[in-house]
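S.K.: Numbering of the sequence shown is given in the working numbering, commencing with residue 3 and proceeding in unit increments.
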Amino acid sequence: MELTGKSACDRLAADMAVELKPFNVVSISLYPGIIGTEHFHRLVDDNLQNTESNLGVAEKGNSSVRILDKFNWETHLFVGRVIAALFNTPDLMRRTGKVHIVAELAARYGIVDEYDCRPASLSSIRFILPQGLPMLKAKFIPDIRVPWWIILLTLLTSPTI
C-alpha cells in the first residue's frame, strides 16, 4: 500500500510538471529517509527499553535494531536545508517532474544536519547492507548507490500470498 501511495505522488508530480511548465512552476517528488520526529523518538526509546528488558540486549540481532539505534535518521532541519538549496538552484526547472532522494541532493549541495552529519541515500549500500546485516558498521561501508531497478527486483519484491 505504501509503495502505491508513493507511486501515485510521483505520477502526480510528473503530470503537474507537464501542466505547470509553461508557467515556470516546478513540481518534484522528494524522498526523505527516516525522519526523527519527537513522536518517533519516543516510540523508539520506549520500544528499546521494552526490548532490552524483555529480550535482553544480546537477542536484538534483527534488522529493527538499525531503527532502534536511530541509524541514518534525518532531521527536520536537514530536509529543510535541502529544500532551501534546491529552491536556490539556478537550473531548478531541469529537475521538474522527477523523483529526488533528499540525501542525494544533500550530497550534491554539500549539506549536513545540525549535528554535522549527512545520512546515506536510501539507495546506497551504506544504508541497505546494515539493514540486512546489523552487525556491520555503516562508517566502514562505501557510499555507493545501487540503481533503483536492482532494488525493485531484489529488495522491494511484492509479498506472495
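Just so you know, even glycine gets a beta-carbon here, dropped at the ideal spot from N, CA and C.
1. Could you please give the first and the last residue of the uninterrupted beta strand (DSSP E) stretch that includes residue 146?
2. I'd like to know whether the C-beta atoms of residue 76 and residue 104 end up nearer to each other than 8 Å.
3. Cα separation between residue 21 and residue 110?
4. Going straight from the alpha carbon of residue 143 to that of residue 127, what length do you get?
5. Counting Cβ pairs, one atom from each stretch, are 3 or more of them under 8 Å apart for the stretch 82 to 93 and the stretch 118 to 132?
6. Using the Cα positions of residue 132 and residue 140, report the straight-line distance between them to the nearest angstrom.
7. Can you tell me whether DSSP reads residue 76 as helix, strand or coil?
8. Please specify which runs of the alpha helix (DSSP H), each continuous and at least 4 residues long, are wholly inside the stretch 86 to 136, giving them in chain order.
9. Grab the span of the beta strand (DSSP E) containing residue 31 for me, first residue to last.
10. Assign residue 107 to buried or exposed, taking buried as 16 or more other Cβ atoms, counted over all protein chains shown, within 10 Å of its Cβ.
11. Nearest to residue 81 by CA position, among 102, 94 and 97, is which residue?
12. Please report the distance separating the alpha-carbon of residue 19 from that of residue 6.
13. Measure the alpha-carbon distance for residue 113 versus residue 36 and round it to whole angstroms.
14. Can you tell me whether residue 10 is buried or exposed? The criterion is at least 16 other CB atoms within 10 Å of its CB, across all chains shown.
15. Taking 8 Å as the threshold (C-beta atoms), are residue 30 and residue 97 in contact?
M.R.: The relevant details are as follows:
1. Here residue 146 corresponds to residue number 144 of the sequence shown, with the count starting at 1. That residue, residue 146, is in no beta strand (DSSP E); it is neither H nor E in DSSP.
2. Taking the first residue of the sequence shown as position 1, residue 76 is located at position 74. Taking the first residue of the sequence shown as position 1, residue 104 is located at position 102. It is a contact, given that the beta carbons lie within the stated cut-off.
3. Locating residue 21 in the sequence shown gives position 19, counting from the first residue. Locating residue 110 in the sequence shown gives position 108, counting from the first residue. Those two C-alpha atoms are separated by around 28 Å.
4. Start at 1 with the first residue of the sequence shown, and residue 143 comes out as number 141. Start at 1 with the first residue of the sequence shown, and residue 127 comes out as number 125. Rounded to the nearest angstrom, the two C-alpha atoms are 7 Å apart.
5. no
6. As a position in the sequence shown, residue 132 is number 130, starting the count at 1. As a position in the sequence shown, residue 140 is number 138, starting the count at 1. C-alpha separation (whole angstroms): 7 Å.
7. Numbered from its first residue, the sequence shown carries residue 76 at position 74. Residue 76 falls in the strand class under three-state DSSP.
8. 104 to 111 and 127 to 134
9. Start at 1 with the first residue of the sequence shown, and residue 31 comes out as number 29. Looking at the DSSP string, the run of the beta strand (DSSP E) that includes residue 31 is 31 to 33.
10. On the sequence shown, position 105 is the one that residue 107 refers to. By the neighbour-count criterion, in which 16 or more other beta carbons inside 10 Å mark a residue as buried, residue 107 falls on the buried side.
11. Position 79 of the sequence shown holds residue 81. Minimum Cα distance to residue 81 is reached at 102.
12. Here residue 19 refers to the residue found at position 17 when the sequence shown is read from its first residue. Here residue 6 refers to the residue found at position 4 when the sequence shown is read from its first residue. If you take the alpha carbons of residue 19 and residue 6, they lie about 20 Å apart.
13. Counting from 1 along the sequence shown, the entry for residue 113 is found at position 111. Counting from 1 along the sequence shown, the entry for residue 36 is found at position 34. Near 17 Å, if we compare the C-alpha coordinates of residue 36 and residue 113.
14. The count along the sequence shown starts at 1 and reaches residue 10 at position 8. By the neighbour-count rule (16 or more Cβ atoms within 10 Å), residue 10 is not buried but exposed.
15. As a first step, residue 97 must be located in the sequence shown, where it is residue number 95. As a first step, residue 30 must be located in the sequence shown, where it is residue number 28. Result yes, Cβ atoms of residue 97 and residue 30 sit closer than 8 Å.
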